[in-house]
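In the UniProt record's numbering, the protein residues as written are 1 to 107.
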């Protein structure tokens, strides 16, 4: 006799209902920092997005959306997204459309 049967015996008039837990939407607390960098990359410019507080899976989804929208290469690891070239304004617009706050750092 499992728990449901025991409960039915204790409360015969009770109708069992299915219940689903509502999924919590992730909310970024701090704005994502979007900066331009050339140091340590043989003079090649890259745009770096830092400050991600969510899961790695969501980071990969965001990175893929940016890369496919702009048609350029990049990578993501350790809570940062690295995109080739100086595309701060375009990346900030994409992130703003997705509902994230962004902050531009540097010139």
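The beta carbon of each residue, even a glycine, is placed where N, CA and C say it ideally should be.
Which residues DSSP lists as bridging residue i, in chain order
i	result
residue 4	Residue 4 is not bridged to any residue.
residue 103	33
6 Å CB neighbourhood of residue i in its chain, flanking five on each side removed
i	result
residue 103	31 and 33
residue 49	32, 34 and 81
residue 106	35 and 36
Residues near residue i by beta carbon distance below 7 Å, same chain, minus five either side
i	result
residue 86	36, 45 and 47
residue 91	34, 47, 49, 66 and 83
residue 88	34, 36, 47 and 104
Nearest-angstrom beta carbon gap, residue j and residue i [assumed within contact, 8 Å]
i	j	result
residue 59	residue 73	Not quite, the Cβ-Cβ distance comes to about 16 Å (not below 8 Å), so this is no contact.
residue 94	residue 69	6 Å
Of the residues the options, the one placed nearest residue i, counting alpha carbons only
i	options	result
residue 77	1, 64, 12 and 23	64
residue 98	18, 27, 20 and 16	27
| query | In chain order, which beta strand (DSSP E) runs of at least 3 residues are fully inside the UniProt domain "SUI1" (33 to 99)? | reply | The UniProt domain "SUI1" (33 to 99) contains these whole beta strand (DSSP E) runs: 46 to 50, 74 to 77 and 80 to 84.
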